[in-house]
Structures are given as structure tokens and as C-alpha cells.
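> Here the sequence shown stands for residues 173 to 986, numbered as in this note's numbering. Quick reminder that beta carbons are idealized off the backbone N, C-alpha and C, glycines included. Before I ask anything, let me first share the structure, which is written out below as C-alpha cells.
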Amino acid sequence: MSLFYLNVRILNRSKQSAVAAAAYRSGEKLYSERDMETKNYRTREVPPESFIMAPDGAPEWANDREKLWNEVEKKEKHIRSQLAREIKIALPIELSDDLQRKLLTGYVQKNFVDRGMVADVSIHRDKKNNPHAHIMLTMRPFLENGQWGNKKKKVYDRDKNGNYILDKKGKPRYKTYFLTDWDKKDNVLIWRKDWANAVNRYYEREGVNEYISEKSYKEQGLDKFPKHRLTLEDYRLEKKLEEKAKREGDKFTPNSYFAQLNQKIDLLNKAIELRKQKVVELAEYKKAVQKDHDELNKIRNISSLSSEDQDAVRAVGQHMKQFVDLETAEKNMENMRHFKINVEKKYYAAIGLDNFLARVKKDYVKNPQLIKGYGFDPANYESDRKTTQREKDQVIDDYLKLKNSFDHEWKQGEKALEVQKQFTEKEFAYLYPEINNKLSMTFSDNLNRDYAVKIKADYVKQFRENGTLVSEIPEFKPGNQKLLKEYADLGNIKQRLQQNRADLTVLKRTINKRMNEYSDLVKNHYDKEKVKRSSISYLTVYNQFADKKKERADLNNAMNRLVTSIYPREDQIAVNDLPVNDKFDLVQMHLDGTGSDDFRGDSEVVHALNEKKNADHKAKIQHVRNQKAADWKAVRSSLNQAVYQQFSGQERQSLIDAEKILGERPTLENVQQRLQDADRRFEEISRKQHELNNSRHDFDNFNHHEFVVLKDQKGEIITEKKKLNTAIEALGKLKLANDRLDQMEKQYMAEKPSQGAQEKSQASGKGFIEQGLKAINDAFMAAQNEQDKNKRKKKRNRSEIKYRGKDNQDQPDR
Numbered sequence: 173m174s175l176f177y178l179n180v181r182i183l184n185r186s187k188q189s190a191v192a193a194a195a196y197r198s199g200e201k202l203y204s205e206r207d208m209e210t211k212n213y214r215t216r217e218v219p220p221e222s223f224i225m226a227p228d229g230a231p232e233w234a235n236d237r238e239k240l241w242n243e244v245e246k247k248e249k250h251i252r253s254q255l256a257r258e259i260k261i262a263l264p265i266e267l268s269d270d271l272q273r274k275l276l277t278g279y280v281q282k283n284f285v286d287r288g289m290v291a292d293v294s295i296h297r298d299k300k301n302n303p304h305a306h307i308m309l310t311m312r313p314f315l316e317n318g319q320w321g322n323k324k325k326k327v328y329d330r331d332k333n334g335n336y337i338l339d340k341k342g343k344p345r346y347k348t349y350f351l352t353d354w355d356k357k358d359n360v361l362i363w364r365k366d367w368a369n370a371v372n373r374y375y376e377r378e379g380v381n382e383y384i385s386e387k388s389y390k391e392q393g394l395d396k397f398p399k400h401r402l403t404l405e406d407y408r409l410e411k412k413l414e415e416k417a418k419r420e421g422d423k424f425t426p427n428s429y430f431a432q433l434n435q436k437i438d439l440l441n442k443a444i445e446l447r448k449q450k451v452v453e454l455a456e457y458k459k460a461v462q463k464d465h466d467e468l469n470k471i472r473n474i475s476s477l478s479s480e481d482q483d484a485v486r487a488v489g490q491h492m493k494q495f496v497d498l499e500t501a502e503k504n505m506e507n508m509r510h511f512k513i514n515v516e517k518k519y520y521a522a523i524g525l526d527n528f529l530a531r532v533k534k535d536y537v538k539n540p541q542l543i544k545g546y547g548f549d550p551a552n553y554e555s556d557r558k559t560t561q562r563e564k565d566q567v568i569d570d571y572l573k574l575k576n577s578f579d580h581e582w583k584q585g586e587k588a589l590e591v592q593k594q595f596t597e598k599e600f601a602y603l604y605p606e607i608n609n610k611l612s613m614t615f616s617d618n619l620n621r622d623y624a625v626k627i628k629a630d631y632v633k634q635f636r637e638n639g640t641l642v643s644e645i646p647e648f649k650p651g652n653q654k655l656l657k658e659y660a661d662l663g664n665i666k667q668r669l670q671q672n673r674a675d676l677t678v679l680k681r682t683i684n685k686r687m688n689e690y691s692d693l694v695k696n697h698y699d700k701e702k703v704k705r706s707s708i709s710y711l712t713v714y715n716q717f718a719d720k721k722k723e724r725a726d727l728n729n730a731m732n733r734l735v736t737s738i739y740p741r742e743d744q745i746a747v748n749d750l751p752v753n754d755k756f757d758l759v760q761m762h763l764d765g766t767g768s769d770d771f772r773g774d775s776e777v778v779h780a781l782n783e784k785k786n787a788d789h790k791a792k793i794q795h796v797r798n799q800k801a802a803d804w805k806a807v808r809s810s811l812n813q814a815v816y817q818q819f820s821g822q823e824r825q826s827l828i829d830a831e832k833i834l835g836e837r838p839t840l841e842n843v844q845q846r847l848q849d850a851d852r853r854f855e856e857i858s859r860k861q862h863e864l865n866n867s868r869h870d871f872d873n874f875n876h877h878e879f880v881v882l883k884d885q886k887g888e889i890i891t892e893k894k895k896l897n898t899a900i901e902a903l904g905k906l907k908l909a910n911d912r913l914d915q916m917e918k919q920y921m922a923e924k925p926s927q928g929a930q931e932k933s934q935a936s937g938k939g940f941i942e943q944g945l946k947a948i949n950d951a952f953m954a955a956q957n958e959q960d961k962n963k964r965k966k967k968r969n970r971s972e973i974k975y976r977g978k979d980n981q982d983q984p985d986r
């Protein structure tokens with residue numbers, strides 16, 4: 173079935189990097205001058221097909237992806253600047269790859285390149301049923317001289333005398349005119365229509381019985397409801413659950429809200445096709461339960477709330493741009509956590525600058541020369557300090573503004589969430605009064621409210637959608653430990669500890685990276701400003717690391733208190749010494765009802781189980797590693813044969829000759845040692861020849877036979893050295909190729925084993941051989957280039973010595 177999909181979006185400087193976007197879409201490593209980082213993303217199973225299309229008159233560098241997007245980011249300096257326009261298009265699977273590319277290039281040339289835009293096109297074919305293209309377009313035209321032009325210009329209003337006309341604020345009044353028509357809203361409609369027409373022309377020409385349209389069902393006159401597009405995360409989750417249901421022979425039930433809604437839309441569209449009267453029956457059924465719906469709507473009437481609560485709900489609704497219910501309020505708080513991360517970044521930036529200035533001042537008092545290590549000039553200390561102080565003050569001002577805004581929005585978000593929880597509890601109490609009373613009496617103050625509210629919201633939502641009530645709610649049975657408050661505390665601490673552990677790992681790596689960057693700048697590439705930025709960056713990350721360590725200590729204390737509340741008679745030291753995982757399992761045993769009051773007995777059971785679990789896990793990992801080692805051994809054997817096939821006939825013969833000369837397998841070490849011995853023997857024979865030459869005048873005592881023998885020995889040594897030198901060149905190539913293969917083996921074996929790694933390692937053998945062959949070929953080419961370079965250098969040196977000797981001969985005697 174043919175599919176139409178064309179989406180247009182803008183990449184903004186405040187949130188995105190054009191270089192990073194281009195690197196991800198093209199699959200290339202690109203260096204970003206904006207943040208001085210190399211953007212490199214995971215290798216795709218199918219490499220993207222990427223190319224750049226530039227208009228006539230564009231400079232040559234417009235065809236260089238790295239240069240192009242770095243120049244864009246240099247030009248677009250404002251925080252709200254638009255870096256690029258991205259168009260994502262679904263390619264028709266009914267056409268071949270070549271036809272897809274031809275269709276796409278023609279479309280891009282007509283709609284974008286001919287109008288002056290540079291198009292960076294990347295075709296992704298990771299999945300056969302989802303070929304698509306990313307088109308990144310520049311936002312500025314080029315001038316005739318190859319420089320960037322302006323997007324718009326201001327024209328000031330003047331009176332008859334040529335004076336500026338002022339507005340109410342006393343500023344000159346002006347109008348803004350766009351210099352291109354690229355930003356017109358109608359363009360999107362034109363681009364969508366042109367793409368649909370282009371695809372349909374190809375369908376007709378290739379005899380494909382399909383048709384696509386950019387219009388909605390309503391515009392096409394179809395009596396169908398459109399489905400909702402899932403996010404990438406939801407789509408992957410639904411596919412995973414669907415495959416699991418097929419394997420286990422279960423009926424697949426969508427998990428996410430919009431997937432469930434799409435399932436209902438499918439059923440509804442089928443019902444429309446079969447019998448449209450079912451829609452009438454559904455309307456009559458809803459009318460029967462309209463009374464209950466009216467009661468639920470009365471509960472949600474915000475006019476009964478306080479003015480502060482009403483303002484909070486309205487603010488969240490404006491921010492989320494949709495009706496506020498429990499799900500929306502929770503999603504708003506999740507978004508606020510991202511806001512909180514930005515606030516923390518500003519906070520640590522201010523703390524980093526403060527610590528930086530304090531350290532500079534302290535070292536300046538000790539020895540003014542020390543501040544060079546911070547990017548300060550001892551002669552201009554006061555000037556540099558004041559500049560950095562102003563920067564710090566500005567960062568603090570930005571942080572305080574952001575913090576005040578965050579505190580206000582966080583407070584409103586919490587109020588709105590609490591209001592929605594109360595609404596949900598009241599709605600559930602109205603629909604299920606008996607179940608609600610029983611739940612309150614059973615758990616009293618020990619109820620995990622967040623979990624209970626979530627379940628209540630699901631059943632209220634179920635009634636609102638299809639008007640059905642259930643007689644029993646399995647999630648609210650007394651045996652469900654998720655209803656206990658301790659379960660929520662345990663889950664919260666566990667989740668925060670896991671996140672803290674991950675944060676500490678990342679921060680530790682970042683500290684090492686910043687330290688290495690700083691050391692390299694100070695020792696090898698000293699630049700005052702870069703050293704200063706590197707120092708501030710290091711202190712900023714170090715402060716985050718220190719706070720995370722404090723947070724970990726607090727979480728461990730909270731976990732200790734939770735365990736102590738279960739075993740109040742136990743010694744605190746024994747609780748503190750227990751491993752964290754054992755503490756989690758102790759609390760879990762208590763929640764399951766399998767634990768006892770004996771701390772030591774329970775801890776021994778838990779520790780033994782964890783030891784067995786760890787041993788089993790290590791055994792599985794070792795098994796996978798052994799399998800990987802066996803797979804690699806087979807691959808390496810094939811690659812070793814490929815290495816020798818790369819040698820020329822002369823190089824192979826030289827290795828055979830070297831083995832005969834040495835009496836063992838040649839290596840770089842023993843061949844070089846043999847060459848040194850040959851040089852010593854050559855010098856010894858030369859010395860003896862020299863002595864014999866001196867005795868030539870004494871014909872009776874001159875040993876002519878010994879002279880001939882020495883000459884023959886010298887010739888044999890020269891022949892041996894030639895063979896060994898050729899063998900050394902071959903061995904140099906062999907060593908470089910083996911080094912590349914050893915590096916591949918190290919990376920492959922260093923990968924963490926995961927579920928299905930054994931099958932993956934076996935399936936990827938062919939891929940490793942292809943990578944290995946490429947590495948061998950690259951190594952031989954690099955070694956050959958280096959050898960050719962050395963030969964040219966030696967030849968040049970011999971020529972210089974030769975000409976230098978001639979010059980000395982031409983000099984007259986003094």
C-alpha cells in the first residue's frame with residue numbers, strides 16, 4: 173500500500189546544531205567549530221546515501237558538508253537564528269532504489285536548488301519497508317561573489333523632507349521585506365502537492381497501480397477517520413510487544429494511548445465500511461450513559477477551585493496547548509524536569525566561574541606566574557580578572573532569572589497535578605464507591621497514592637471512552653505490593669541510585685576528558701582563551717561530580733533508614749555495611765511477606781541468592797566471550813590468509829629467502845639483527861681487503877686467492893642484504909596489517925555482551941571479514957606510501973651529497 177509522508181521543520185540555533193544534524197543524517201564524522209567537538213554517531217547497518225546539490229553561482233565549499241554547515245553556524249549567530257530547513261520524505265517502496273533516487277533528485281532540483289537553496293540530501297534504507305530521505309536546506313541565498321546574502325531588509329519610513337518618521341516610542345518606523353519567498357507558508361502546500369504529483373507520474377510511467385495524495389480524507393471525500401502518528405519510542409515499543417505476543421501465541425493489545433486509539437479507529441473504519449448504522453447504535457449507547465458523563469464533567473468544573481488553583485490549571489493548559497487532565501499534568505511535570513536540568517547547568521556554570529576566580533586569586537598571591545595555567549596573563553591580571561568577573565555576574569543574573577521562572581512554573585505544575593489527582597479520586601469514588609471505600613479502609617495511611625491514582629485514572633478513562641464499568645479491579649487486591657507506600661519509597665530510591673550511578677560514571681569520564689584536553693592545551697597548543705575555557709569547564713564538571721557524590725551518600729542514608737524501619741532492633745553499623753543490592757532485596761522480601769524479623773538470617777539468604785545470581789551472570793558473560801573469541805579466531809584465520817595474498821610475488825619470495833637465510837620464520841626483530849650482523853661482516857671484509865691492497869706492491873707476499881674469496885664473500889653479503897631489505901618492507905606491511913586486525917579484535921572483545929550477543933556475533937562474521945579486508949588493504953596502502961616516501965627522501969639526500977661534492981671540487985685551492 174502506497175504512503176504519503178512529507179514533514180517540514182526548522183532547525184534553531186537555540187536547540188540544535190546544524191553540523192550535528194548533518195553528521196547524524198549523512199553518517200559522516202564532522203568537526204563542529206561552534207563547540208569544538210567531532211560529531212560522530214553510531215554506524216548504521218546500511219550506510220546512508222548522501223550527496224549535496226548546490227545552485228549555480230554557489231561557492232565551491234558549498235559542496236563540502238563540514239565546511240557548508242560550519243559556515244552556516246558562523247553566519248547565524250543569534251540565539252534564535254534559523255540554521256536550516258529540514259524536509260523528511262517517505263520514498264515509494266514500489267520503485268527501485270535507482271528510480272527513488274532519480275525521483276528525489278529531480279524533485280529537489282526543481283523545488284529547492286533552482287530557487288537558490290543548497291540541499292544536503294541523505295537517503296536512509298535501514299529498513300526495507302521504510303526508505304526515506306532527509307533534505308537539509310540552507311536559509312540564506314548566495315550573492316554573485318559567492319558570499320552569504322541577507323534574508324530580509326528594513327525600509328525606514330520618511331516624510332516629504334526625507335526625515336525619519338518616529339513611532340510612539342520615539343524610534344524610527346520601518347517595514348521589513350523578505351528578500352526571498354522561501355519562508356512563505358504556501359510553500360509547504362506547494363512542496364507537498366509537487367511531491368505527490370511527481371510520485372504519481374513515476375507510478376504511471378512504471379505501470380504501478382498505486383496513487384498517493386497530499387490531501388486529507390475529508391478533502392478527498394472519503395468517509396474515514398485518520399489515525400494518529402506514533403512517536404519513535406511508542407512505535408518501537410508497540411512493535412516489540414506485538415512480536416512478543418506472536419511468539420507466545422497471545423492476543424496483541426496496544427500499550428500506548430495513541431496506539432490504543434489507532435486500534436479503535438481501525439475498528440471504527442471497518443465498521444463504517446461494513447455497516448454505517450453501527451455509528452448510530454454507538455451514539456444511542458453513549459446517550460444512555462450521558463448522565464454519568466455529565467456528573468463527571470461537573471466534578472472537573474474548575475470554577476469550584478480557588479483562584480490560585482484555577483490559574484495553575486490554565487497556565488499548564490496554555491503551556492501544553494491542550495485540555496488538562498492527569499496525563500497532561502504529569503507530562504508537564506516531566507517536561508519541567510528538562511527545564512530543571514537547564515537551570516542546574518546555569519547554576520554549575522556560575523559556581524564554576526566563582527571557583528575559577530577564587531583559585532586564580534589564591535595562586536596569584538603565591539606566585540603570579542602560576543596563573544598562566546588558568547589562561548591569565550600575570551601582566552594583565554586585573555584586566556583579565558575584571559573581564560571574567562563581568563562574565564560571572566552575567567551568568568549569575570541569567571541563572572537567577574531562569575531560576576525564578578522555573579520556581580514559578582514548577583509551583584503551578586505541582587498545583588495543577590494535585591488538582592488533577594483530586595479530580596481523578598472524586599471521579600473514581602463516584603463510579604466505584606464500594607471499591608474506593610474498601611481500598612481506603614484496607615491500606616489507610618500506607619497507600620501508594622501515585623500508583624493508586626494512576627489505576628483509578630485508567631478505569632475512569634475506560635468508562636469515558638466506552639461507557640463500561642467493571643465489577644472487580646484486580647490491581648486493587650490486598651496482595652498487590654505496589655499499593656504499599658514502602659514499595660514506592662523503595663522504587664524511588666532504587667531509581668535515583670541507578671540514575672546517580674550513571675551520572676557519576678558519565679561525569680567521571682567527562683572530568684578525565686576535560687583534564688586531558690587541558691593538559692594538551694597547556695603542553696602542546698597553548699592558547700590563552702582556550703586554556704581559560706578548559707579550566708572553567710573542568711571546575712564546572714568537578715562541582716557537579718562532588719554534588720552527585722553527596723547525593724549518593726544521602727540516598728544510601730535513606731536506604732539505611734528504610735531497612736532500619738523494617739529491622740528496628742538491628743545494629744546500625746551492620747545495616748550500613750550491607751551491600752546496596754542486598755538492602756533492596758531485604759526490603760523486597762518484607763514487601764513480599766517472605767522475610768522475618770531476623771536481620772542476619774534474612775541478609776544471609778539475600779546475600780547467597782545475589783552471589784548465585786552474580787555467578788550465573790558472570791558465567792553467561794564468560795560463555796558469550798568464549799563464543800566471541802572462537803568466532804574471532806575463525807575470522808582471523810581467514811584474514812591471515814588474505815594478508816599473504818596482498819603481497820607481490822617478489823615480496824613473497826623475499827620472505828622465503830629470508831627464512832632460508834635465518835633458518836627460522838622471519839620477523840622484524842631477527843631480520844634487523846641479521847642485517848646488523850651482515851653490516852659487521854661487511855666492514856670486517858672491507859678492512860681485510862684494504863690490508864691486502866696495501867700489500868699489492870710486495871708481489872711475493874700478496875695472497876691473490878684470499879683477495880678473490882673476500883670479494884666473493886662481499887658479493888654474497890650484498891645479495892643477502894638486498895633480500896633482507898625487501899623482506900623488511902614486506903614484514904613492515906605485515907606488522908601494520910596485524911596491528912589493525914589486533915585493534916579490531918580488541919574493540920570487538922571489549923563490547924559488553926548483551927542478550928542475543930551469541931547469535932549476533934555468529935551472524936556478523938561476514939561483516940568482520942569485510943571490515944578486516946578493508947583494514948588490511950588500508951594498512952598495505954599506508955605502508956607502501958611510507959616506504960615510497962622514505963625512498964624518495966633517500967634519493968634526494970644522495971642527490972644533495974652528489975651535487976655538494978661537485979661544488980667542492982669546483983672550488984679553487986686557497
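Taking the alpha carbon of Asn441 as the reference point, which residue from Lys300, Asn527 and Phe397 has its own alpha carbon closest?
Looking at the Cα atoms, Phe397 is the closest of the given residues.
> Got a sec? Which residues, its chain only, sit under 6 Å from Asp719 by beta carbon, not counting five neighbours each side?
Excluding positions up to five away in sequence, the list is empty.
> May I ask you to verify whether the stretch 189–201 touches the stretch 291–298, counting CB pairs closer than 8 Å and requiring at least 3?
Contact between the stretch 189–201 and the stretch 291–298 is present, because at least three Cβ pairs lie under 8 Å.
> State whether the stretch 688–695 contacts the stretch 706–720, with contact taken as three or more CB pairs (one from each stretch) at a distance under 8 Å.
The stretch 688–695 is in contact with the stretch 706–720.
> Could you tell me which residues DSSP pairs with Met225 in its beta bridges?
For Met225, which the question treats as bridged, DSSP gives the partners Ala291.
> Are the CB atoms of Leu1005 and Ala629 nearer to each other than 7 Å?
Here the chain covers residues 173 to 986 and nothing more, so residue 1005 does not appear.
> DSSP has Val180 in a bridge; who is on the other side?
Per DSSP, Ile259.
> At 4 residues or longer, and completely inside the stretch 612–672: list those alpha helix (DSSP H) runs for me, N to C.
The stretch 612–672 contains these whole alpha helix (DSSP H) runs: 621–638.
> To the nearest angstrom, report how far apart Lys533 and Tyr553 are at their CA atoms.
In a straight line, the C-alpha of Lys533 is about 9 Å away from that of Tyr553.
> Reducing DSSP to helix, strand and coil, say where Pro313 ends up.
Pro313 falls in the coil class under three-state DSSP.
> Just how far apart, CA to CA, sit Pro303 and Ser174?
Near 12 Å, if we compare the C-alpha coordinates of Ser174 and Pro303.
> Grouping DSSP H, G and I as helix and E and B as strand, with all else coil, what is Pro550?
Residue state, collapsed to three classes: helix.
> What span of residues does the alpha helix (DSSP H) with Val703 cover, start to end?
Counting along the chain, the alpha helix (DSSP H) containing Val703 begins and ends at Lys700 to Ile738.
> Are the CB atoms of Gln885 and Ile857 nearer to each other than 7 Å?
A contact, by the Cβ cut-off of 7 Å.
> Arg472 and Phe284: beta carbons closer than 7 Å?
No, they are not a contact pair.
> To the nearest angstrom, report how far apart Ala190 and Ala256 are at their CA atoms.
Approximately 7 Å between the Cα atoms of the pair.
> For a test of the three-state rule: what should DSSP assign to Thr210, helix, strand or coil?
Strand.
> Put Pro398 into one of helix, strand or coil per three-state DSSP.
Pro398 falls in the coil class under three-state DSSP.
> Where does Pro344 sit, in a helix, a strand or coil, going by DSSP?
The answer is strand: DSSP assigns Pro344 an E or B state.
> What distance in whole Å lies between the Cβ atoms of Leu361 and Gln324, which are believed to be in contact at a cut-off of 8 Å?
Checking the sequence, you will find Lys at residue 324 rather than Gln. With 8 Å as the limit, Lys324 and Leu361 do not qualify as a contact, their Cβ atoms being about 22 Å apart.
> What is the rounded straight-line gap between the Cα of Thr215 and the Cα of Thr348?
Distance between the alpha carbons of Thr215 and Thr348: 45 Å.
> Out of Gln584, Asn372, Tyr279 and Tyr739, state which residue places its alpha-carbon closest to the alpha-carbon of Met492.
Comparing Cα-Cα distances from Met492 to each of Gln584, Asn372, Tyr279 and Tyr739, the minimum goes to Gln584.
> Per DSSP, what kind of secondary structure is Ala305 in: helix, strand or coil?
In this structure, Ala305 counts as strand in the three-state DSSP scheme.
> Under the DSSP definition of a beta bridge, which residues are partnered with Val327?
Val327 pairs with Lys347.
> Within a Cβ cutoff of 6 Å, which residues of the same chain sit near Leu611, ignoring the five residues on either side of it in sequence?
Closer than 6 Å at the Cβ level, and outside the excluded window around Leu611, lie Phe648.
> Between the alpha carbons of Gln449 and Thr640, how many angstroms are there, rounded?
Reliability of the predicted coordinates at Gln449 is poor, the pLDDT of 49 falling under 50, and no value is obtained from them.
> Between the C-alpha atoms of Glu232 and Thr310, what's the straight-line distance to the nearest angstrom?
Cα to Cα, Glu232 sits roughly 15 Å from Thr310.
> Below 8 Å on the Cβ atoms is my guess for Asp298 versus Glu217; work out the distance and round it to an integer in Å.
Indeed they touch by this definition, with Cβ atoms about 6 Å apart.
> Shortest alpha-carbon distance to Arg1000 belongs to which of Leu903, Lys564 and Ser253?
Any answer about residue 1000 is impossible in this case: the structure gives the chain only from 173 up to 986.
> Could you give the first and the last residue of the continuous beta strand (DSSP E) run that contains Ser775?
Unbroken run through Ser775 is the alpha helix (DSSP H), Phe771 to Gln817; no beta strand (DSSP E).
> Considering just the uninterrupted stretch of the alpha helix (DSSP H) at Leu413, what are its terminal residues?
Leu413 -> alpha helix (DSSP H) spans Leu404 to Glu420.
> Just the C-alpha distance for Thr590 and Asn609, rounded to the nearest angstrom, thanks.
Per the sequence shown, residue 590 should be read as Glu rather than Thr. Computed Cα separation, rounded: 21 Å.
> Please state whether DSSP places His877 in a helix, a strand or coil.
Correct three-state label for His877: helix.
> According to DSSP, is Leu338 part of a helix, a strand, or is it coil?
Looking at Leu338 - three-state DSSP - the assignment turns out to be strand.
> When the Cα atoms are used, what is the spatial distance from Arg824 to Ala902?
Rounded to whole angstroms, Arg824 to Ala902 spans 8 Å at the Cα level.
> Pull up the distance between the alpha-carbon of Glu723 and that of Asn672, whole angstroms please.
About 8 Å.
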